[in-house]
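The letter at position 19 of the sequence shown is residue 18 when you use the working numbering, and the numbering goes up by one with no holes.
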Amino acid sequence: MPKKYKERSLIEFQKEFPDDEACAKHLAEQRWPDGFVCPRCGHKEAWYLSERHLFDCKMCRFQTSVTAETIFHGTRTPLVKWYWVIYHMAIDKVGVSVAEMQRSLNITQYRTAWLMTHKIRKAMADRDAGYSLAGLVEMDESFFGPKGTKPGRGSERKSTVLCAISLYRDRQGKEHPGFAHMQVVDNASTDTIEWYLERLGCGPTTKEGHDLLKAIRTDGWRSYGRATKRKALYARTVAKGYILMLT
Ligand SMILES: [Zn+2]
């Protein structure tokens with residue numbers, strides 16, 4: 000999958016998406032990278048009704064909304080506010096507060112803001128499903144929860160999160176974390192890890208899955224070792240620590 004995104008600083012983002020018009024233009028470019036095409040008759044010329052973000056086909060007069068069939072479909076919230084929520088959700092590593100988002104963007108209803116974050120998160124997850132891990136993969140488990148609660152496997156109060164991170168080498172041969180996949184799980188048992196490996200597409204049934212399984216490195220915790228052994232493969236043992244590079 001080609002890398003289509005571009006990193007923007009807060010200032011750059013503000014400059015590029017100052018109002019609804021700029022957002023609608025950007026959205027139209029994403030939907031029709033080679034120019035507008037009427038979904039009904041295929042004609043390429045249309046009038047643009049900027050107030051309602053509509054393309055009005057010059058041939059059949061069919062009107063197509065820029066937001067039709069996107070997560071913004073039928074929204075009454077200005078696109079510029081949507082874009083800001085997306086921006087915050089994409090850059091914030093800790094996770095955004097819906098209430099704070101609602102206040103700072105002047106969104107009247109809490110429910111509206113909540114629905115927006117929900118739709119965006121779903122869209123992000125759908126996009127993530129299209130990516131796959133490649134190259135060297137570092138796999139680890141991590142625990143998230145209130146300060147002072149007991150860390151470690153089998154803890155009652157912290158959430159267990161399984162992490163798999165693709166590592167790529169730069170020209171100097173130094174390893175860097177690339178795409179990461181994380182999953183909150185009930186426990187880090189052999190069954191869970193086996194299920195997670197399958198979800199990641201690791202397994203002896205396909206060549207890609209076999210290569211990926213061989214590429215996985217972990218700190219060699221027992222459940223993980225058993226899960227890979229069941230698949231007749233062994234994980235190489237390395238020290239923990241890559242997850243820290245992402246935080
Ligand atoms: Zn048409």
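We put the CB at the ideal spot given by N, CA and C, even for glycine.
Quick caveat, the model's predicted, so the values are computed rather than measured.
Exercise. Check each candidate in Met123, Ala122, Ser96 and name the one with the smallest Cα separation from Arg110.
Key: Here the question's residue 110 lines up with position 111 in the sequence shown. Of the candidates Met123, Ala122, Ser96, the one whose C-alpha sits nearest the C-alpha of Arg110 is Ser96.
Quiz item: Nearest-angstrom Cα distance between Thr76 and Asp210?
Solution: Taking the sequence shown and counting its residues from 1, the one referred to as residue 76 is at position 77. Taking the sequence shown and counting its residues from 1, the one referred to as residue 210 is at position 211. Their Cα atoms are separated by approximately 46 Å.
Practice problem: Return yes when at least one heavy atom of ligand 1 lies under 7 Å from the C-beta of Arg39, else no. | Solution: Along the sequence shown, read from residue 1 onward, the residue named residue 39 stands at position 40. Within the cutoff, so yes.
Quiz item: Rounded C-beta distance between Thr69 and His52? I'm assuming under 8 Å.
Solution: The residue labelled residue 69 in the question sits at position 70 within the sequence shown. The residue labelled residue 52 in the question sits at position 53 within the sequence shown. The pair is not a contact, with the Cβ atoms about 11 Å apart (cut-off 8 Å).
Quiz item: Can you tell me whether Met100 is buried or exposed, with buried defined as 16 or more other CB within 10 angstroms of its CB?
Solution: The count along the sequence shown starts at 1 and reaches residue 100 at position 101. Answer is buried; the Cβ neighbour count reaches 16.
Quiz item: Closest by CA to Ser158, which one among Gly172, Met181, Gln171, Ile164?
Solution: Position 159 of the sequence shown, counted from the first residue, corresponds to residue 158. Checked all of Gly172, Met181, Gln171, Ile164; the closest Cα to Ser158 is Met181.
Quiz prompt | Cβ-based neighbour list, Trp113, same chain, cut-off 7 Å, excluding 5 preceding and 5 following | solution = Here residue 113 refers to the residue found at position 114 of the sequence shown. These residues qualify, in order along the chain: Val97.
Quiz item: Looking at the unbroken beta strand (DSSP E) that takes in Ala45, where does it start and where does it end?
Solution: Here residue 45 refers to the residue found at position 46 of the sequence shown. Element bounds for Ala45: 45 to 48.
Quiz item: Under the three-state reduction of DSSP, which class applies to Thr189: helix, strand or coil?
Solution: Reading the sequence shown from its first residue, position 190 is the one you call residue 189. Thr189: helix per DSSP, three-state reduction.
Quiz item: Does the separation of the CB atoms of Ala23 and Glu15 fall below 8 Å?
Solution: Position 24 of the sequence shown, counted from the first residue, corresponds to residue 23. Position 16 of the sequence shown, counted from the first residue, corresponds to residue 15. No, the Cβ-Cβ distance between Ala23 and Glu15 is not below 8 Å.
Quiz item: With 16 as the cutoff for other CB atoms within 10 Å, does Glu44 come out buried or exposed?
Solution: Numbered from 1 along the sequence shown, position 45 holds the residue referred to as residue 44. Looking at its Cβ environment, which holds fewer than 16 other Cβ atoms inside 10 Å, Glu44 is exposed.
Quiz item: Considering only C-alpha positions, which residue in the set Leu161, His175, Leu48, Phe61 is nearest to Asn186?
Solution: On the sequence shown, residue 186 is found 187 positions in, with the first residue counted as 1. Answer by Cα proximity: Leu161.
Self-check item: For Phe54: DSSP bridge partner residues
Solution: Reading the sequence shown from its first residue, position 55 is the one you call residue 54. Beta-bridge pairing by DSSP links Phe54 to Tyr47, Thr63.
Practice problem: With hydrogens ignored, establish whether the beta-carbon of Phe54 is closer than 7 Å to any heavy atom of ligand 1. | Solution: The residue you call residue 54 lines up with position 55 of the sequence shown. Phe54 Cβ: outside cutoff for every heavy atom of ligand 1.
Self-check item: Buried or exposed (CB count within 10 angstroms, at least 16 for buried), Ser165
Solution: As a position in the sequence shown, residue 165 is number 166, starting the count at 1. Buried, by the Cβ-count rule.
Practice problem: For Ser8, name the three-state secondary structure that DSSP assigns. | Solution: Position 9 of the sequence shown holds residue 8. Three-state DSSP puts Ser8 in coil, outside helix and strand.
Quiz item: How is His175 classed by DSSP in three states: helix, strand or coil?
Solution: Taking the first residue of the sequence shown as 1, we reach residue 175 at position 176. The answer is strand: DSSP assigns His175 an E or B state.
Exercise. Leaving aside the five residues before and after Tyr82 along the sequence, list all residues of the same chain whose C-beta is less than 6 Å from its C-beta, in chain order.
Key: The residue you call residue 82 lines up with position 83 of the sequence shown. Within the same chain, Tyr82 has close Cβ partners Phe16, Cys22.
Quiz prompt | Own chain partners of Val36 with C-beta closer than 7 Å, once the 5 adjacent residues on each side are dropped | solution = Looking up residue 36 in the sequence shown gives position 37. Same-chain partners within the cutoff: Lys43.
Quiz item: So, using beta-carbon positions, are Cys40 and Phe61 closer together than 8 Å?
Solution: Here residue 40 corresponds to residue number 41 of the sequence shown, with the count starting at 1. Here residue 61 corresponds to residue number 62 of the sequence shown, with the count starting at 1. Cβ atoms of Cys40 and Phe61: closer than 8 Å.
Quiz item: Is any heavy atom of ligand 1 found at a distance shorter than 7 Å from the C-beta of Phe61?
Solution: Working through the sequence shown from its first residue, we reach residue 61 at position 62. For ligand 1, at least one heavy atom lies less than 7 Å from the Cβ of Phe61.
Quiz item: Cα separation between Tyr86 and Ala27?
Solution: The residue you call residue 86 lines up with position 87 of the sequence shown. The residue you call residue 27 lines up with position 28 of the sequence shown. Tyr86 and Ala27: Cα-Cα distance of roughly 18 Å.
Practice problem: Flag Met58 as yes when its Cβ comes closer than 7 Å to any non-hydrogen atom of ligand 1, and as no otherwise. | Solution: As a working mapping, residue 58 is identified with position 59 in the sequence shown. Result yes, Cβ under 7 Å from ligand 1.
Quiz prompt | C-beta contact flag for Lys80 and Ile106 at 8 Å | solution = If you number the sequence shown from 1, residue 80 lands on position 81. If you number the sequence shown from 1, residue 106 lands on position 107. Yes; because the gap between Cβ atoms is below 8 Å, this pair is in contact.
Quiz item: Would you say the beta carbon of His25 comes nearer than 7 Å to a heavy atom of ligand 1?
Solution: Mapped onto the sequence shown, residue 25 falls at position 26. No, Cβ of His25 sits at least 7 Å from all heavy atoms of ligand 1.
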